[in-house]
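Participant: Here my numbering = 1-based position in the sequence shown + 32.
Below is the structure I would like to discuss, written out as C-alpha cells.
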Amino acid sequence: MELWPWVTSALLLLLLLVQLSRTARFYAKISLYCALCFSASAVAAVVCLLRHGGRTVNNMSIISWFVRTFKYVYGLRFSVKGLEKLEGDQPCVIISNHQSILDMMGLMEILPKRCVQIAKRELMFMGPVGLIMYLGGVFFINRQRSSTAMSVMAEVGQRMVSENVPIIPVVYSAFSSFYDPKKKLFTSGTIKVEVLDAIPTSGLTVADVSKLMDTCHQAMRTTFFHISQIPQENGTPVGPRAHPVE
33 MELWPWVTSA LLLLLLLVQL SRTARFYAKI SLYCALCFSA SAVAAVVCLL
83 RHGGRTVNNM SIISWFVRTF KYVYGLRFSV KGLEKLEGDQ PCVIISNHQS
133 ILDMMGLMEI LPKRCVQIAK RELMFMGPVG LIMYLGGVFF INRQRSSTAM
183 SVMAEVGQRM VSENVPIIPV VYSAFSSFYD PKKKLFTSGT IKVEVLDAIP
233 TSGLTVADVS KLMDTCHQAM RTTFFHISQI PQENGTPVGP RAHPVE
C-alpha cells in the first residue's frame, strides 16, 4: 500500500489547519523554533569542533551567527540602541530581562566578543543544544540546589565589586504585541533593545551588592516600560500589556 498519498493528505490537512487556526499556527511556530534550535545546534557544534577543536568562548561568534538567522524565519526585527557601550575592552557584567524562549535571539544580537554566559544546568542535558552551549563556554549553575546557585551568584557579586567591574544592563521591550502563549499569539514584530549606561561599582563593598542590584533593577524596569510604551500610574503598570521585568 502506497503511503505517499496519505502523507501528502496529512501535510495538506496540517497546512490548512495552520492557516485556519490561530492555536495550530502558534504551536506549529513553536515546534519549528525548537526544531531550528536543535538542528542549528547540531550543525554549529560540528563547525565549532572543526574550527576551534573544543570548548572555548570563541565559539560564541559561530553560535550567534546561526541564531541570528532565526529572526528572518519569523519576521522579527531588532532595533538596538546604545550598542557601542558594549564595544569597549574593559571587563563588565551584562544583565538583561528574561521573558520567554525567544530571549536567545535577542541576546545574540548584542553579544560582545568573548562574553561568558551563565545558564541553568538543566539545559546542558538537552542534546545538541546542551552540547553547543558547553562548546560556547557557557557556565552552568544548578538552580535545583538553591544554596549552590546563590553561592555562585554571591561570588560573582563579590568579585565584581572587589575588582571594580561595572554592570551594563540590557533591556528588551515587551514581546506581548506579537508573542503571547496565553492568547496563542505568535506573529512578526519589532523588539526594541536598549543598552543602558554602565553602572559603576568602584568604591563599593560586598555589603553594597544588594543595594546595587536594586539600583540595576529599577533602572531596567523604568526603561522596560518606556520602550514597551506601557503606561504607569504611581509606578504601577496599567493596561493589558503590562508585564513586569524579571
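The beta carbon of each residue, even a glycine, is placed where N, CA and C say it ideally should be.
Just so we're clear, the structure is a prediction, and the values are computed from it rather than from any experiment.
I need the straight-line Cα distance from G169 to A72, nearest angstrom please.
Facilitator: So the alpha carbons of these two residues sit roughly 17 Å apart.
Participant: If you reduce the DSSP assignment to three classes, tell me which class L244 lands in.
Facilitator: Residue state, collapsed to three classes: helix.
Participant: Considering only C-alpha positions, which residue in the set V89, N91, R109 is nearest to T222?
Facilitator: Nearest option by C-alpha distance: R109.
Participant: Compute the beta-carbon to beta-carbon distance between M140 and R100, rounded to the nearest angstrom, for a pair I have assumed lies under 8 Å.
Facilitator: So it is a contact: roughly 5 Å between Cβ atoms.
Participant: Buried or exposed, going by whether 16 or more other CB atoms sit within 10 Å of the CB of N196?
Facilitator: Looking at its Cβ environment, which holds fewer than 16 other Cβ atoms inside 10 Å, N196 is exposed.
Participant: Relative to the C-alpha of V112, which residue among I142, R87, M136 is closest?
Facilitator: The residue with the shortest Cα to Cα distance from V112 is I142.
Participant: Got a sec, what are the start and stop residues for the beta strand (DSSP E) G221 sits in?
Facilitator: First-last of the beta strand (DSSP E) with G221: 221-227.
Participant: Where does Y104 land, buried or exposed, given buried means 16+ other C-beta within 10 angstroms?
Facilitator: By the 10 Å Cβ count, Y104 comes out exposed.
Participant: Would you list the one or two residues that DSSP bridges to D135?
Facilitator: None; D135 has no bridge partner.
Participant: Measure the CB-CB distance between V203 and L167 and report whether it falls below 9 Å.
Facilitator: Result no, Cβ atoms of V203 and L167 do not sit closer than 9 Å.
Participant: For F157, count neighbouring Cβ atoms within 10 angstroms of its own Cβ and tell me buried if that reaches 16, exposed if not.
Facilitator: Exposed, because fewer than 16 other Cβ atoms sit within 10 Å of the Cβ of F157.
Participant: For a test of the three-state rule: what should DSSP assign to L217, helix, strand or coil?
Facilitator: L217: strand per DSSP, three-state reduction.
Participant: Alpha carbon to alpha carbon, how far is S183 from R54?
Facilitator: Approximately 44 Å, taken between the alpha carbons.
Participant: In angstroms with no decimal places, state the Cα-to-Cα distance between S209 and S128.
Facilitator: Each residue's alpha carbon lies about 20 Å from the other.
Participant: Just confirm the distance between the C-beta atoms of H199 and I231, as a whole number of angstroms; I'd bet it's less than 8 Å.
Facilitator: His is not the amino acid found at residue 199; the sequence shown has Ile there. Right, their Cβ atoms sit about 5 Å apart.
Participant: Give the range of the beta strand (DSSP E) segment to which K152 is assigned.
Facilitator: 150-152 is the span of the beta strand (DSSP E), which, as asked, contains K152.
Participant: Where does K152 land, buried or exposed, given buried means 16+ other C-beta within 10 angstroms?
Facilitator: K152 should be labelled exposed.
Participant: Under the rule that 16 or more other beta-carbon atoms within 10 Å means buried, what is F171, buried or exposed?
Facilitator: Flag for F171 reads exposed.
Participant: In three-state terms, what does DSSP make of P160?
Facilitator: Reduced to three states, the DSSP call for P160 is helix.
Participant: When the Cα atoms are used, what is the spatial distance from I259 to M252?
Facilitator: Between I259 and M252, the C-alpha separation is close to 10 Å.
Participant: On the criterion of 16 or more Cβ atoms from any shown chain inside 10 Å, does V270 qualify as buried, or is it exposed?
Facilitator: Low confidence applies here, because V270 scores a pLDDT of 44, under 50, leaving its location unreliable; read the following figure in that light. Result: exposed.
Participant: Just mark P201 as buried or exposed, buried being the case when its beta carbon has 16 or more other beta carbons within 10 Å.
Facilitator: Buried is the call here.
Participant: Rounded to whole angstroms, what is the Cα-Cα separation between Y211 and F218?
Facilitator: Y211 and F218: Cα-Cα distance of roughly 4 Å.
Participant: Report back the beta-carbon spacing between V193 and V125 to the nearest angstrom; my notes put them in contact at under 8 Å.
Facilitator: Not a contact, Cβ separation roughly 10 Å.
Participant: Determine whether the beta carbon atoms of K216 and R57 lie at a separation below 9 Å.
Facilitator: Taking 9 Å as the Cβ cut-off, K216 and R57 qualify as a contacting pair.
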